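Working notes, beginning with the structure itself.
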Amino acid sequence: MSVQTMTEGATITATGLRKEFTLSQRSLFRKPPRVVAVDDVSFTVAPGTTLGLVGESGSGKTTVARMLLKLETPTSGSLTLNGHDVLGSQTPEQARTFRRTVQAVFQDPYSALSPRLRADRIVGEPLEAQGVEHAAIDARVAELFDQVGLGREVRHRYPHEFSGGQRQRIAIARALSTNPKMLVLDEPVSALDVSVRAQILALLRSMQERLGLTYVFIGHDLAIVRYLSSMVGVMYFGRMVEIGAASDVLRQPLHPYSRRLVAVASGATRLGDHRITGDLPSPLKPPSGCTFRTRCVYADERCRAEIPRLRVVGSGQQVACHHVEAIRDGVKPETGPLGGDA
Amino acid sequence: MSNLTLSGRERWHRMSRRVRFPWPQGFRPGFGGSLALLFCAVMILAAVAGPALAPFDANESDFAAIMLPPAWLTDGLWEHPLGTDQLGRDVLSRLIVGTQIAMIVAIATSVVAGVIGVTLGLIAGYLGGWADAVISRIVDAFLALPFILMALAFISALGTGVGNILLVLIMTNWAPYARLVRSEVVSIKRRDFVVLAQMAGVSRTRIILRHILPNAANSILVLAVLDVGRAVILESSLSFLGLGIQPPDVSWGLMLADGRAYISIAWWLTVLPGIAIVATVLSFNAVGEKLRVWFDPRGNL
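Protein sequence lines, in the order shown, are assigned to chains H and C.
For the first sequence, my numbering gives the first residue as 1, with consecutive numbering after it.
For the second sequence, my numbering gives the first residue as 1001, with consecutive numbering after it.
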């Protein structure tokens, strides 16, 4: 089998993704507690574009990434790649195609490369698993090292001989080895020095332009997400609270949570004005209604009673907030936050 | 300051700066460690060359020379540098031949017990679930059994002999390997490079052999070296109790047991094999410890 180039891009569509985790049993007589990590997440990413997912730790963005990579099976919801379901039972051939098409780059470049393997073996491993013959792998690996800007002559070194940024380039080369159409990037630059981040981001962008890749980019730094993303989804406590074109969501955020995220990140306001107080609520006892009501200054009784659905507001972004129009027009009184349980 | 006023340690440091030892990068055994390494090498050499190095046949009795003291004492003869025992057998020759048995038993034990323990540990750690539960409980059970009792039971059921001693030592020594490897695997398999390999569709056997085993190899090697020392003690104890090596084979434990009756008139019959056991065990432990420090990145701080 040779490495064929693919012309057609990848469209990934998630519909109503939900993931529950069962915690270990604490009492013999009680049912083990279940925790909803991701609830009702839907999006479509068009070929050659990037969906940026932002949110604080524990918002479920990494769980979404793991479901896209089939490392976790959603409790419910569907996931399609170019219109084909990827969750149901698959033939070995389909499973191989999926692995070839969707690749990942993770956060920690130190953990991503086995310290005992030479860099060229690491990069060639997905091809080897696909059954490509050795000569073809060697040629492809050398080409990849050139492509990611490391130069082919360093490919026989071991991971400890590379810096963090170089390691992340190796991880990217590995992800690109099978000619994927889609990359899931889970905070690929968060662990890197600030000076190296820009280089890796530029590499990711040029790869996307050259190869027509579809990206799902997970991050918490809005500036970085803005650089790569054509669409941005803001997640809070396992739910998508706002999603739309990057220019809309990041320039004119509408959901109270995204407004504060953007305000804090831009530094436009004095620190403290838009501070998000408190921590995420306990996943064991999720708040009723809108999950953000425990930290939202605009929360009122309706937020306690009713779960807000995503709806189209303004120029096309979707927002999950009951009071979004009133907040945008500045006429919503600050009645929250609303603590307490259901 | 002349060289004579320096302590051995200081002189060693001066010398080791001048002489380049062929140690691998970052491995600094120091004075004690180098001595231990040297001693281990001598022991292994004695085990390989064995009887060829011994001046006498280990079982050759000379009734004209019974219980001769070591050569440097009065009545000692340089013909028998470490003296002779109650049957006129040369103690040095018996120590050298005993080294062979001790090393063969100890090394074979740690290799075979290591292979068994590592395999079970890999299975338990990688598969998890039921395999892990079953293997871990068996490991716990073996670690809880008192060694001497178990050895007594086995030897009385199976009879003595080198093969059975090996069997008993393997039975009692594999469990720590399994426990160590299991815990290593559990932490290694969560690392990204294993997850990425799984995602790429690399087969399970290949992930274990290429990604997990090499990353656990350092700890396994350290445990194996420490285990050699442990096995030397176990074999000597068994032989001392009469459950291990049987005459006419020679073992340090057996020499201790034989010499015990004459300890007041011929101390060299017990002290010399005792020193051999202690020195061997200490050396292997020291080498294992140096290896551990070398492999452990925190140890280099």
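For glycine and all other residues, C-beta sits at the position ideal for the given N, C-alpha and C.
In this text, all values refer to a predicted model and were calculated from it rather than measured experimentally.
In the structure shown, C/G1159 falls within a coil segment according to DSSP collapsed to helix, strand and coil. The Cβ of C/A1049 sits no closer than 9 Å to any Cβ of chain H. A Cβ of chain H is located within less than 9 Å of the beta carbon of C/V1202. C/R1292 is outside the set of residues whose beta carbon lies under 9 Å from a beta carbon in chain H. For H/Q103, the secondary structure class from DSSP, reduced to helix, strand or coil, is strand. In chain order, V189 place their CB closer than 6 Å to the CB of H/R197, counting only its own chain and leaving out the 5 sequence neighbours on each side.
Within a 10 Å sphere around the beta-carbon of H/H156 sit fewer than 16 other beta-carbons, which makes this residue exposed. The beta-carbon of H/R169 is placed no less than 9 Å from the nearest beta-carbon of chain C. For C/Y1126, DSSP assigns no beta-bridge partner whatsoever.
Leaving aside the five residues that flank H/I122 on each side, the residues in its chain whose CB is nearer than 7 Å to its CB run, in chain order, L113, S114, I170 and R174. Against H/D108, the close residues of chain C are D1192, in the order they occur along the chain (beta-carbon pairs closer than 7 Å). Residues of chain C whose Cβ lies closer than 7 Å to the Cβ of H/E125 are, in chain order, A1197, A1200 and V1202. Here the alpha carbon of C/T1074 sits roughly 44 Å from the alpha carbon of C/S1156. Bounds of the beta strand (DSSP E) holding H/D40 are R34 to V45.
A straight-line Cα-Cα distance of about 33 Å links C/P1247 and C/L1035. Rounded to whole angstroms, the separation of the alpha carbons of H/Q199 and C/A1106 is 55 Å. Between C/I1220 and C/V1185 the beta-carbon gap is near 11 Å, outside 8 Å, which marks them as no contact.
Per DSSP, H/I218 is one residue of the beta strand (DSSP E) stretching across T214 to G219. Using a Cβ-Cβ cut-off of 9 Å, C/P1214 counts as an interface residue toward chain H, since at least one Cβ of chain H sits closer than that to its own. Within 9 Å of the CB of C/H1211, the CB atoms of chain H belong to S114, R116 and L117, in sequence order along the chain. Against chain C, a Cβ distance below 7 Å from H/A129 picks out A1200, G1201 and V1202.
Taking a 10 Å sphere around the C-beta of C/S1251, we find 16 or more other C-beta atoms and assign the residue as buried.
Setting aside the 5 residues that flank it on each side, C/R1260 is surrounded in the same chain by T1270, each with a C-beta closer than 7 Å to its C-beta; the list follows chain order.
Between C/L1169 and C/A1231, the CB-CB gap stays under 9 Å.
For a cut-off of 8 Å, the C-beta gap from C/L1167 to C/L1223 is around 20 Å, too long to register as a contact.
Pairing C/P1214 with C/Q1025, the inter-Cα distance amounts to about 19 Å.
Contact between the stretch 1074 to 1083 of chain C and the stretch 1134 to 1143 of chain C is absent: fewer than 3 CB-CB pairs across the two stretches fall below 8 Å. Taking a contact as a CB-CB distance under 8 Å, the pair H/V64 and H/V38 counts as one, their CB atoms being some 6 Å apart.
Residue nearest to C/T1205 within the set C/L1037, C/V1042, C/T1119 and C/G1088 is C/T1119 (criterion: CA-CA distance). Sixteen is the threshold: when 16 or more other Cβ atoms of the shown chains lie within 10 Å of the Cβ of C/W1174, as they do, the residue is buried. Taking every protein chain shown into account, the CB of C/L1087 has fewer than 16 other CB atoms within 10 angstroms, so this residue is exposed. H/A14 carries a strand assignment under DSSP once its states are collapsed to helix, strand and coil. Contact with chain C is found for H/R96, since one of that chain's Cβ atoms lies less than 9 Å from the residue's Cβ. For H/G212 and H/A246, the gap between their C-alpha atoms comes out near 19 Å. The secondary-structure analysis by DSSP pairs H/M231 across a beta bridge with H/L51 and H/A245. Among the residues facing chain C, H/I243 is not included, as its CB has no counterpart in that chain under 9 Å away.
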